[in-house]
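One structure is given below, encoded as structure tokens.
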Amino acid sequence: MKYDLRKMEKKLAKYLDEDRYVHTLGVMYTCTALAMAYGCDLEAAQAAGLLHDCAKCIPNKKKLKMCAQHKIPVTEFEEQHPFLLHAKLGAYIARHKYDITDEEILSAIACHTTGKPHMTLLEKIVYIADYIEPGRDKAPDLPFVRKLAFSDLDECMYEILKDTLAYLEENPKELDHTTTEAYIYYKDLHLRRGQNAQGLPGSIHQPE
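When we follow our numbering, the leftmost residue of the sequence shown carries the number 494, and every step to the right adds one.
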């Protein structure tokens with residue numbers, strides 16, 4: 494194996510609280526199951542799932558300070574909502590503290606909170622696994638979304654982003670534009686695929 498996952502687990506346990514660590518293991522196992530279903534690299538899926546929240550328990554003020562120290566770009570929205578920085582800061586930590594060199598793993602960690610248009614297979618797997626892992630119980634329609642995750646990742650992305658926006662739109666100030674862009678992309682894909690299924694004009698474009 495390229496990465497010593499057991500060693501990573503032991504190291505990570507020192508930096509996460511108990512609930513976050515249990516969640517992290519749930520995401521890693523779910524990533525692995527989805528990777529098996531879709532032919533994604535298993536080790537990459539395990540590493541990305543394991544490290545996706547490696548910066549989660551860093552206090553928000555320290556997140557901002559670390560981003561400044563390491564020249565990690567911070568948007569105005571992220572400055573006002575520093576909890577979101579655990580994704581891109583997590584990618585930095587995964588590279589420099591856990592010796593992750595695979596750019597796709599790092600990208601999957603960096604976008605697992607907001608999503609984005611044109612996500613790769615691994616990026617979608619980590620994003621979805623974070624939403625559906627066995628410990629999650631508050632999101633709407635979880636049984637349906639969990640089943641959908643193992644039959645159609647793009648449709649699953651659409652359903653998750655739709656529910657996420659419906660929740661966040663109750664407080665628009667909490668809505669990051671990247672999440673909106675991701676939703677628009679996967680909604681468009683959903684509609685185009687529906688048109689194709691009905692024999693209507695409209696080409697299908699697949700995520701790169």
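Glycine included, each C-beta is placed from N, C-alpha and C at the ideal position.
Considering only residues of the same chain and omitting the five flanking positions on each side of residue i, which have a CB-CB separation below 8 Å?
| i | result |
| --- | --- |
| glutamate 652 | Asp634, Phe637, Val638, Leu641 |
| glutamate 572 | Leu557 |
Among the options, which one has its Cα closest to the Cα of residue i?
| i | options | result |
| --- | --- | --- |
| lysine 555 | Leu577, Ala540, Leu544, Leu535 | Leu577 |
| isoleucine 621 | Tyr522, Lys507, Val567 | Tyr522 |
| arginine 629 | Ile565, Leu518, Arg499, Lys495 | Leu518 |
| methionine 559 | His589, Ala537, Gln688, Ala541 | His589 |
| glutamate 626 | Thr525, Lys500, Asp497 | Thr525 |
| lysine 500 | Ser600, Asp592, Lys631 | Asp592 |
| aspartate 546 | Cys604, Gly532, Lys655 | Cys604 |
| threonine 672 | Ile618, Met650, Tyr531, Ala530 | Met650 |
Tell me which residues share the same chain as residue i and place their Cβ nearer than 6 Å to its Cβ, disregarding the 5 neighbours each side in the sequence.
| i | result |
| --- | --- |
| glutamate 647 | The displayed chain sequence assigns aspartate, not glutamate, to residue 647. Once the five neighbours on either side are set aside, the close Cβ partners of aspartate 647 are Leu682. |
| proline 694 | Unreliable placement is indicated for proline 694, whose pLDDT of 49 sits below 50; the coordinate value is still reported in the next sentence. Result list for proline 694: empty, nothing under 6 Å. |
| leucine 658 | Tyr676 |
| threonine 594 | none |
| alanine 548 | His579, Leu582, Gly583, Ile586 |
| histidine 698 | Unreliable positioning characterises histidine 698 in this predicted model, as indicated by a pLDDT of 35, which lies under 50. The coordinate reading is nonetheless provided below. Correct list: empty, nothing qualifies. |
| tyrosine 476 | No answer is possible for residue 476: it lies beyond the span of the chain, which begins at 494 and ends at 701. |
Which term fits residue i, buried or exposed, when burial requires 16 or more other beta carbons within 10 angstroms of its beta carbon?
| i | result |
| --- | --- |
| aspartate 623 | buried |
| cysteine 550 | exposed |
| glutamine 539 | buried |
| histidine 611 | exposed |
| leucine 599 | buried |
| alanine 537 | buried |
| histidine 670 | exposed |
For residue i, I'd like the list of residues in its chain whose CB is within less than 7 Å of its CB, leaving aside the five on either flank, ordered along the chain.
| i | result |
| --- | --- |
| histidine 563 | Tyr585 |
| leucine 498 | Gln539, Ala540, Leu543 |
### Query
At which residue ranges does the region 516-602 contain complete alpha helix (DSSP H) runs of 4 or more residues, listed in the order of the chain?
535-544, 553-562, 569-573, 579-590
### Length at least 4, wholly inside the region 604-674: the alpha helix (DSSP H) runs in chain order
614-625, 635-642, 646-661
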